[in-house]
Amino acid sequence: MSNPPDSHAEPAARVLRLKRGEERRLAAGHVWVFSNEIDTGSTPLTAFAPGVLAQVRTQRDAFVGYACVNPHALICARILSRDPAQPVNRALLERRLATALALRRRLGAAPHYRWVFGESDQLPGLVLDRYGDVIVGQIATAGMEALREEVAAAVRAVLAPAVLYWKNDSAARELEHLPRVAAAAFGAVPANIEVTEGALSFTAPLAEGQKTGWFYDQSANRARLARYVPAGARVLDVCSYVGAWAVTALRHGAARAHCVDTSQAALEFAQLNAARNGTAVQVLRADAFEALKSLAEQGERFDLVILDPPAFIKRKKDIPQGQAAYRKLNQLALGLLADEGLLVSCSCSYHLAPEELVSAIQSAARHSGRFVQILEAGGQSPDHPVHPAIPETRYLKAFFCRVTREVG
Numbered sequence: 020m021s022n023p024p025d026s027h028a029e030p031a032a033r034v035l036r037l038k039r040g041e042e043r044r045l046a047a048g049h050v051w052v053f054s055n056e057i058d059t060g061s062t063p064l065t066a067f068a069p070g071v072l073a074q075v076r077t078q079r080d081a082f083v084g085y086a087c088v089n090p091h092a093l094i095c096a097r098i099l100s101r102d103p104a105q106p107v108n109r110a111l112l113e114r115r116l117a118t119a120l121a122l123r124r125r126l127g128a129a130p131h132y133r134w135v136f137g138e139s140d141q142l143p144g145l146v147l148d149r150y151g152d153v154i155v156g157q158i159a160t161a162g163m164e165a166l167r168e169e170v171a172a173a174v175r176a177v178l179a180p181a182v183l184y185w186k187n188d189s190a191a192r193e194l195e196h197l198p199r200v201a202a203a204a205f206g207a208v209p210a211n212i213e214v215t216e217g218a219l220s221f222t223a224p225l226a227e228g229q230k231t232g233w234f235y236d237q238s239a240n241r242a243r244l245a246r247y248v249p250a251g252a253r254v255l256d257v258c259s260y261v262g263a264w265a266v267t268a269l270r271h272g273a274a275r276a277h278c279v280d281t282s283q284a285a286l287e288f289a290q291l292n293a294a295r296n297g298t299a300v301q302v303l304r305a306d307a308f309e310a311l312k313s314l315a316e317q318g319e320r321f322d323l324v325i326l327d328p329p330a331f332i333k334r335k336k337d338i339p340q341g342q343a344a345y346r347k348l349n350q351l352a353l354g355l356l357a358d359e360g361l362l363v364s365c366s367c368s369y370h371l372a373p374e375e376l377v378s379a380i381q382s383a384a385r386h387s388g389r390f391v392q393i394l395e396a397g398g399q400s401p402d403h404p405v406h407p408a409i410p411e412t413r414y415l416k417a418f419f420c421r422v423t424r425e426v427g
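When we follow the working numbering, the leftmost residue of the sequence shown carries the number 20, and every step to the right adds one.
Here is the structure:
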């Protein structure tokens, strides 16, 4: 940590002072500052407007970083720059966007990926997904909201896409006291987005779709699936959204697939995506748990079951109930699997550790009289890089499991 120069071109940012010793986690690389870490006696949070930039400093006046402040949030500041000579401005945003873009281009040729993954790309509170010439963004913090116009200008300068659409409808905005709104920054917003994954092509709804329209974080896991699909397999894609898992399985040798989701619109897109890839899916609009029970009662059996549910655990207090839900869902899935079947069990709940999902799978197996072998463990795709100092950036788990009848 160092002291900033006496002057620079930017106006001096106000100081936000930490309590004694609270800089240690930040010095180790984390970028979140919690409200109980602030010396509110010398720098009251009430003196800061939401989104304003500040210099975070220690009790000894050492410079920690430039951060955006939100006095109304538990995470009251997020560091964007640790260089005292580099305040947060357009040049910084353009540099960060260009660096993130260079990484994604190294990962693959198709212009379909998560361009910016918040803290992992040193742009906390910002997500940008690329769909060819269409960029869909989500802002989750007051600080990034205050920089929204600058971000849009930086996006234009770095990539010059035809469209930038802010799909700011995430529940995370409520934690920052931000409204849920959606609007174009520039360009004519299409009704649907187009996605390429390997040799497959998909479409999904934009304004009415989930998240930014697509789940790029599962791209690598869908690619992993190819080696495990038995020829002629019967597939069940649970919480299918627009059918990406099912279509991938069908294109790699499966004979038929069922998609289960609560959204009729999503299921219609699943059928459309199957058709555009030369396949077909059957759809069932239903709650996942009820659908699995109903299929079991009908005597259905599948060779491959994919569980990709929404997060059952969004806060720490949800952990016991969420763990029970994962156990139940996996138990119901195991009851539908034929001998020598494959279970792909996923969780996007950060608060559920990988070993806890394994425990849920094993508990389900024990209660179902099945023997499970984990063949492979997957995580989020490389366009969702993990920040080693920020465990919250590692959230997705996917286990590929062989399931047989219990022996002995």
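Even glycine gets a Cβ: it sits at the ideal position worked out from N, Cα and C.
Residue 187 is classed as buried because its beta carbon has at least 16 other beta carbons within 10 Å across all chains shown. Under the three-state reduction of DSSP, residue 235 is assigned to helix. No Cβ-Cβ contact shorter than 8 Å links residue 178 with residue 204. Its Cα nearest to that of residue 273, the residue 299 stands out among 284, 286 and 299. Going by beta carbons, residue 99 and residue 107 fall inside the 8 Å limit. With respect to the 8 Å criterion, residue 227 and residue 150 are not classified as neighbours on the basis of their beta carbons. In this structure, residue 371 sits away from residue 323, with a CB-CB distance that is not shorter than 8 Å. Spanning the alpha carbons of residue 334 and residue 294 requires a straight line of approximately 39 Å. Closest by C-alpha distance to residue 308, out of 358, 326, 121 and 321, is 326. Across the structure, residue 414 and residue 121 are spaced so that their CA atoms are roughly 24 Å apart. A buried status is given to residue 404, since no fewer than 16 other beta-carbon atoms sit within 10 Å of its beta-carbon. Per DSSP, residue 39 lies in no beta strand (DSSP E) segment and is marked neither H nor E.
The straight-line gap separating the alpha-carbon atoms of residue 342 and residue 207 is approximately 43 Å. In terms of Cα proximity to residue 387, the closest of 396, 354, 365 and 406 is 354.
Each of 160, 169, 219 and 221 was checked against the Cα of residue 199, and the nearest Cα belongs to 160.
Between the alpha carbons of residue 311 and residue 352 lies a distance of about 7 Å. In this structure residue 418 is buried. Its beta-carbon is surrounded by 16 or more other beta-carbon atoms within 10 angstroms.
Annotation: the continuous alpha helix (DSSP H) that includes residue 312 extends over 307-316.
For residue 267, the enclosing alpha helix (DSSP H) has its first and last residue at 263-270.
Non-local C-beta neighbours of residue 249 in its own chain, meaning closer than 6 Å and more than five positions away in sequence, comprise 322, ordered along the chain. Its chain contains 132, 134 and 402 as the residues whose beta carbon lies nearer than 7 Å to that of residue 123, once the 5 sequence neighbours on both sides are disregarded; these appear in chain order. No Cβ-Cβ contact shorter than 8 Å links residue 146 with residue 162. Sequence-distant partners of residue 141 (beyond 5 residues in either direction) whose C-beta falls short of 6 Å from its own C-beta, in its chain, are 115. For residue 291, the CB contacts under 7 Å within the same chain, skipping 5 residues up- and downstream, are 222 in chain order. Between residue 92 and residue 164, the CB-CB gap reaches or exceeds 8 Å. Residues 393 and 418 of the same chain have their beta carbon placed closer than 8 Å to that of residue 377, with the five preceding and five following residues left out of the count.
By the CB criterion at 8 Å, residue 283 and residue 260 fall outside the cutoff.
Where residue 386 is concerned, there is no enclosing beta strand (DSSP E), although the alpha helix (DSSP H) around it starts and stops at 373-387.
Along the segment 139-202, the alpha helix (DSSP H) occurs as fully enclosed runs of 4 or more residues at 161-165, 167-177 and 191-194, listed in sequence order. The segment 101-146 is shown to contain whole beta strand (DSSP E) runs of 3 or more residues at 131-136, in chain order. Counting along the chain, residue 217 sits inside no beta strand (DSSP E), nor does DSSP assign it H or E at all.
When the Cα atoms are used, residue 202 and residue 69 turn out to be separated by approximately 21 Å. The segment 326-380 contains, as complete alpha helix (DSSP H) runs of 4+ residues, the segments 338-353 (chain order). For residue 56 and residue 148, the gap between their C-alpha atoms comes out near 33 Å. One thing to note: residue 278 has its Cβ within 8 Å of the Cβ of residue 265. Per DSSP, reduced to three states, the secondary structure at residue 425 is coil, with no helix or strand assignment.
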